[in-house]
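Engineer: This is the structure, below, for whatever I ask next.
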Amino acid sequence: MDIHSLLENLTIEEKAALLAGVDFMFTNPVPRLGIPSARMSDGPHGLRVQKEGGDNGVAGSEPATCFPTAVSTASSWNPDNTYKMGEAIAEEMLHYGIDILLGPGACIKRNPLCGRNFEYFSEDPLLAGRMGAAEVNGVQSKGCGVSVKHFALNNAENFRFMGDSVCDMRAIREIYLKVFEIIVKESKPHTMMCAYNKINGEYCCENKWLLTDILRDKFGFDGLVMSDWGAVNNRIEGVKAGLDLEMPSCNGVNDKIIENAVKNGELDEKYLDNVVQNILNLVEKYKYINDIKITFDEKEHYDLAVEIAENSAVLLKNNNNILPIKESEKVLIVGDMAKISRYQGGGSSHITPFFEYSLTDSLDKFGIKYDYLDGYHKNYKKDNRDLIKKIAKVADNYDKIVICVGLPDNMEVEGLDRKHINLPQTY
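One point on numbering: in the working numbering, the residue at position 89 of the sequence shown is 89, and numbering is uninterrupted.
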């Protein structure tokens, strides 16, 4: 595309329309001038490809490989893991015709109660930055793009739409922005996703200091800035500050506001042209992707996910050499999570996997003998003393007891922070 020529030929109305999505996961095309859409998909540890342009939830998403979440991959301290994961995700993006992966999530873990911590790498900006940059490089090595999120200081889920992250400048620069600086400088992501919250009283999506002075001028970012879904507050101020793309569709409301603002002199058209140019530059990157329909080996990607998970596993203690369990030992497996694995958190990153194997599935597959007891009630509400008594009665009959516990879906989820750090009382 000749972007200079397109800018001259686009009407004010068409320019304004380009500044928002056409639906939930596509940018706005301009067929008259041959400007196509770019297509996005939730991530960041695998694809949640939505059908027909809408938000179809988990049940309506296409199957994909569910790779280990960021909290796991960061535990490996090995950027090769996230690079290989990024490559594999990009292959699935090319298969489904996806241009931009909405990830990785690079927010700093400020509080262990954040409901979305499973999606973020670390409380350490160097570790998070290096792991995130490797994932970006892996995805973009195949010609696809990413949207690094959530920029910035978006470290809690409660009140995330209106929260104000009040923070001193040293902490902002040395901790909360450092992770994004590392990713921008080491991997040059195609896009950054602007967060919902305010920083010291000003919304991220209309914060010139954040989006222009820091991101572009200090970090050297030359890609596109998009909003988180529904994060736009004042669209005119956002254009002036450096917010390029509003997602998802605003149903034409902000298009008209921008159009009128240019016509009445409230918004200088140079700001509009800058934003449109960033959008056209982005779309230009992917103009051939829809012509590349590749196939990939689902089992090979699953095996890679297993390899990364194994490399990321952390053994905290092994007192008296309890592990590994010997084949001759009699083993009791306790807990419903041995049968229904908790391998990802809830929310927009929840993936419909090609393959799903629980602990008991794997034990059965390899012919390993064991006995099983529930140990706790599945609804996490009933008193468990009756089930615990059953375990106590038979415990002496076993050499080893493996207890599978963890957080249920409603305690590890986007949009909600945990109330405490304890496991549910029913355990």
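All C-beta atoms, glycine included, are put in the ideal place defined by N, C-alpha and C. Since the model is a prediction, treat every value here as computed from it, not as a measurement.
Once DSSP output is grouped into helix, strand and coil, what is the label at S122?
Structural biologist: Coil.
Engineer: Pick helix, strand or coil for R342, following the three-state DSSP scheme.
Structural biologist: Note: R342 maps to coil in three-state DSSP.
Engineer: What does the alpha-carbon distance come out to for the pair I214 and L316?
Structural biologist: The alpha-carbon atoms of I214 and L316 are separated by roughly 39 Å.
Engineer: Locate the alpha helix (DSSP H) running through L272, then write down its first and last residues.
Structural biologist: Here the alpha helix (DSSP H) through L272 covers 269 to 285.
Engineer: Rounded to whole angstroms, what is the Cα-Cα separation between M247 and T65?
Structural biologist: In a straight line, the C-alpha of M247 is about 25 Å away from that of T65.
Engineer: Closer than 6 Å by C-beta to I12: which residues in its own chain qualify, once you throw out the five before and the five after it? Chain order, please.
Structural biologist: Once the five neighbours on either side are set aside, the close Cβ partners of I12 are E259, V262.
Engineer: Using only the alpha-carbon positions, how far apart do Y427 and G375 sit?
Structural biologist: With a pLDDT of 40 at Y427, under the threshold of 50, the predicted position of this residue should be treated as unreliable, though the coordinate-derived value follows. Taking the straight line joining both Cα atoms gives about 8 Å.
Engineer: According to DSSP, is D417 helix, strand or coil?
Structural biologist: It is coil, neither helix nor strand.
Engineer: Between V146, S76, E298, G415, which lies nearest to V184 when the distance is taken from Cα to Cα?
Structural biologist: Nearest option by C-alpha distance: V146.
Engineer: Between V139, D23, P44, I35, which lies nearest to N281 when the distance is taken from Cα to Cα?
Structural biologist: It is I35 whose Cα lies nearest to the Cα of N281.
Engineer: Got a sec? Which residues, its chain only, sit under 8 Å from I175 by beta carbon, not counting five neighbours each side?
Structural biologist: Answer for I175: I108, P125, listed in chain order.
Engineer: Since S191 is in the beta strand (DSSP E), which residue starts that stretch and which ends it?
Structural biologist: According to the sequence shown, residue 191 is Thr rather than Ser. T191 -> beta strand (DSSP E) spans 191 to 194.
Engineer: What distance in whole Å lies between the Cβ atoms of G415 and E157, which are believed to be in contact at a cut-off of 8 Å?
Structural biologist: 5 Å between Cβ atoms; contact.
Engineer: Can you tell me which of the three DSSP states Y427 falls into?
Structural biologist: A caution first: Y427 carries a pLDDT of 40, below 50, which makes its placement in the model unreliable, though a value can still be read off. If DSSP states are grouped into helix, strand and coil, Y427 belongs with coil.
Engineer: Going by alpha carbons, who is nearest to G21 out of L113, G163, N251?
Structural biologist: G21 has its Cα closest to that of N251, out of L113, G163, N251.
Engineer: Consult DSSP for S141 and reduce its assignment to one of helix, strand or coil.
Structural biologist: Correct three-state label for S141: coil.
Engineer: Taking only the alpha-carbon atoms, compute the straight-line gap between G103 and P44 and give it to the nearest angstrom.
Structural biologist: When rounded, the distance between both Cα atoms is 4 Å.
Engineer: Could you tell me whether the stretch 183 to 199 touches the stretch 213 to 229, using the rule of 3 or more Cβ pairs below 8 Å?
Structural biologist: They touch, by the three-pair rule.
Engineer: So, with DSSP's three-state summary, where would you put D168?
Structural biologist: D168: coil per DSSP, three-state reduction.
Engineer: What do you reckon, are the CB atoms on F219 and E181 nearer than 9 Å?
Structural biologist: In this structure, E181 lies closer than 9 Å to F219 by Cβ.
Engineer: Using the rule of at least 16 other Cβ atoms within 10 Å of the residue's Cβ for burial, across every protein chain shown, is H420 buried or exposed?
Structural biologist: With fewer than 16 Cβ atoms within 10 Å of its Cβ, H420 is classed as exposed.
Engineer: Any idea which residues DSSP pairs S227 with across the strands?
Structural biologist: BP columns for S227 point to C194.
Engineer: Could you tell me the distance, in whole angstroms, from the CA atom of A171 to the CA atom of F296?
Structural biologist: Cα to Cα, the separation comes out at about 43 Å.
Engineer: L363 lies in the alpha helix (DSSP H); which residues open and close that run?
Structural biologist: Element bounds for L363: 359 to 365.
Engineer: Check each candidate in D255, F151, Y370 and name the one with the smallest Cα separation from K339.
Structural biologist: Checking every option, the nearest Cα to that of K339 belongs to Y370.
Engineer: Under a three-way DSSP split, which group does P353 fall into?
Structural biologist: It is a strand residue.
Engineer: State yes or no: is the C-beta of I100 within less than 9 Å of the C-beta of L47?
Structural biologist: It is not a contact, given that the beta carbons lie outside the stated cut-off.
Engineer: Once you ignore the five residues that flank D2 on each side, which residues in its own chain have a CB closer than 7 Å to its CB?
Structural biologist: If we look at D2 and ignore the five residues flanking it on each side, it has no Cβ neighbours.
Engineer: Out of F26, D244, K149, M337, which has the shortest C-alpha to C-alpha gap to D273?
Structural biologist: Minimum Cα distance to D273 is reached at D244.
Engineer: Looking only at its chain, what residues have a beta carbon closer than 6 Å to the beta carbon of K208, apart from the 5 residues adjacent to it on each side?
Structural biologist: Only A241 meet the Cβ criterion.
Engineer: From the DSSP output, in three-state form, read off G238 for me.
Structural biologist: Three-state DSSP puts G238 in a helix.
Engineer: In this structure, what does DSSP give as the bridge partners for D371?
Structural biologist: In DSSP, D371 forms a bridge with L332.
Engineer: Report the residue ranges of all beta strand (DSSP E) runs contained in full by the stretch 74 to 130; include only those spanning at least 3 residues, in chain order.
Structural biologist: Entirely contained in the stretch 74 to 130, the beta strand (DSSP E) runs reaching 3 residues are, in chain order, 100 to 102.
Engineer: Flag D228 as yes when its Cβ comes closer than 8 Å to any non-hydrogen atom of the ligand NAD, and as no otherwise.
Structural biologist: This structure does not include the ligand NAD; it has no bound ligands of any sort.
Engineer: Across which residues does DSSP place S147 in a beta bridge pair?
Structural biologist: The partner list for S147 (beta bridge, DSSP) reads T191.
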